[in-house]
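Step one of this worksheet: look at the structure below.
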Amino acid sequence: MKHGTATGPDNISVELIKALEDFGIGKVTHLLNEIYDTGQIPTDLSKSIFIALPKKPGATECELHRTISLMSHITKILLRIIMLRIRNKIKPEIAEEQCGFVEDKGTSNAIYILRTLIERALEVQKDVYLCFIDYTKAFDRVRHDEIITQLKQLNIDGKDLRIIKTMYWEQTAAMRIENKTSTFQDIKRGVRQGCVLSPDLFSLYSEIINRNLENHPGIKVGGQNINNLRYADDTVLITENKEDLQKLLNIVEEESRKKGLELNSKKTEVMVISRKQESPKCDIFINKVKLKQTEKFKYLGTIISNDGKINREISARTAQAKINFQKMKTILTNKHISIETRKRALQCY
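Have a look at this one:
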């Protein structure tokens, strides 16, 4: 655990835990073993503080904020142990298309695969039809009972399962805004952003939704059919025509609804990547609501354009580099500051 991390409701810091000598560490170990053996979690360890962080400066609307959960560092230690115990059973269930929260994978993998698919398709004069799916508060809508059911099906150890079940069934949380904290309330659904278990639990939960896409057409590369790419809940559907794209979206919408997840028709967008002078029209619907067809989309931080080129991405990166340089110009051009110090300042970007 990193120093300086915010404390949970018990106000016990990482530094304090790391400063414990053998006697103190022994007490913590005894507590965790007792919790594991009995399945009973002290009330203070099942509490969380929710803090809303703006997704962009000056955000005032609720949907423009991301909620994170601050919990006891003692709880984090316990949940990390559980995570290491159950991960080997969850990992085989996660498809290759999922790049989020997967060891040795990241946003760069998803971006590289998508760009490669686009390039290969355009090389053989094929259009690429994409649907960038946006979920409404996906992490907050996960049903606890269904998570437990899926874990049971994987034959997770009974004690591990009991800890997870108790942690989710008995958890309470309060909202903190500035220096004011609300009363604690029961939490009936959702995985906590900030909890070490959440990435694995959400990946497992969402895997069922996309499993029904396996036998449907997408783009073939090297004999492999790829019709979707995912980074956590960021999902892009990929096909060679409009009809297949609508079929995939219908499946995802139906399976998501069964799991309590809702597609955001206002933010879900479609794109046709083509070398034709005029991009083909693509009328795609969610529950009779027509989705926006866009010429460019920011996917995992990179700009995807409907001409398949990266000119817009290069221009955006260049412009951002200029902005960052201007912010640091007084330092980087100051001859009274050593070259070594200026180089270290530059590395911050």
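Numbering of the sequence shown is given in the UniProt record's numbering, commencing with residue 1 and proceeding in unit increments.
Every residue gets a Cβ at the ideal spot worked out from N, C-alpha and C, and that includes glycine.
Report the three-state DSSP secondary structure of residue i (helix, strand or coil).
i, result
"residue 83", "helix"
"residue 45", "helix"
"residue 256", "helix"
"residue 203", "helix"
"residue 345", "helix"
"residue 1", "coil"
"residue 9", "coil"
"residue 303", "strand"
"residue 29", "helix"
"residue 215", "coil"
"residue 22", "helix"
"residue 180", "strand"
"residue 166", "helix"
"residue 14", "helix"
"residue 234", "strand"
"residue 108", "helix"
"residue 225", "strand"
"residue 54", "strand"
"residue 285", "strand"
"residue 273", "strand"
"residue 73", "helix"
"residue 131", "strand"
"residue 251", "helix"
"residue 335", "coil"
"residue 101", "coil"
"residue 126", "coil"
"residue 319", "helix"
"residue 189", "strand"
"residue 91", "helix"
Do residue i and residue j have their C-beta atoms within less than 8 angstroms of each other?
i, j, result
"residue 227", "residue 239", "yes"
"residue 51", "residue 68", "yes"
"residue 49", "residue 176", "yes"
"residue 70", "residue 4", "no"
"residue 308", "residue 273", "yes"
"residue 107", "residue 300", "yes"
"residue 230", "residue 212", "no"
"residue 16", "residue 135", "no"
"residue 271", "residue 311", "no"
"residue 88", "residue 99", "no"
"residue 32", "residue 90", "no"
"residue 249", "residue 286", "yes"
"residue 342", "residue 331", "yes"
"residue 193", "residue 139", "yes"
"residue 28", "residue 20", "yes"
"residue 102", "residue 205", "no"
"residue 53", "residue 196", "no"
"residue 39", "residue 159", "yes"
"residue 221", "residue 66", "no"
"residue 302", "residue 313", "yes"
"residue 129", "residue 348", "no"
"residue 12", "residue 72", "yes"
"residue 242", "residue 216", "no"
Here's the rule I'm using: 16 or more other beta-carbon atoms within 10 Å means buried, otherwise exposed. How should residue i be labelled?
i, result
"residue 6", "exposed"
"residue 123", "exposed"
"residue 338", "exposed"
"residue 97", "buried"
"residue 190", "buried"
"residue 323", "exposed"
"residue 353", "There is no way to answer for residue 353, as the model of the chain reaches only from 1 to 349."
"residue 127", "buried"
"residue 245", "buried"
"residue 253", "buried"
"residue 151", "buried"
Rounded to whole angstroms, how far is the Cβ of residue i from the Cβ of residue j, which I believe are closer than 8 angstroms?
i, j, result
"residue 165", "residue 208", "Wrong, their Cβ atoms sit about 19 angstroms apart, outside the cutoff."
"residue 56", "residue 64", "6 angstroms"
"residue 94", "residue 156", "15 angstroms between Cβ atoms; not a contact."
"residue 269", "residue 291", "6 angstroms"
Step through the CB atoms of chain C and report whether any lies within less than 8 angstroms of the CB of residue i.
i, result
"residue 87", "Absent from the structure is chain C; it holds one protein chain and no more."
Check whether the stretch 161 to 171 touches the stretch 105 to 124, taking contact to mean three or more Cβ pairs, one atom from each stretch, closer than 8 angstroms. No, because fewer than three Cβ pairs between the stretch 161 to 171 and the stretch 105 to 124 fall closer than 8 angstroms, the two stretches do not touch.
Would you call the stretch 260 to 280 in contact with the stretch 311 to 323, where contact means no fewer than 3 C-beta pairs closer than 8 angstroms? no
Does the count of Cβ pairs from the stretch 142 to 156 and the stretch 191 to 210 closer than 8 angstroms reach three? Taking 8 angstroms as the limit for Cβ pairs, the verdict is that the stretch 191 to 210 does touch the stretch 142 to 156.
I'd like to know if the stretch 263 to 270 and the stretch 122 to 141 are in contact, where contact means that at least 3 CB-CB pairs between them fall below 8 angstroms. yes
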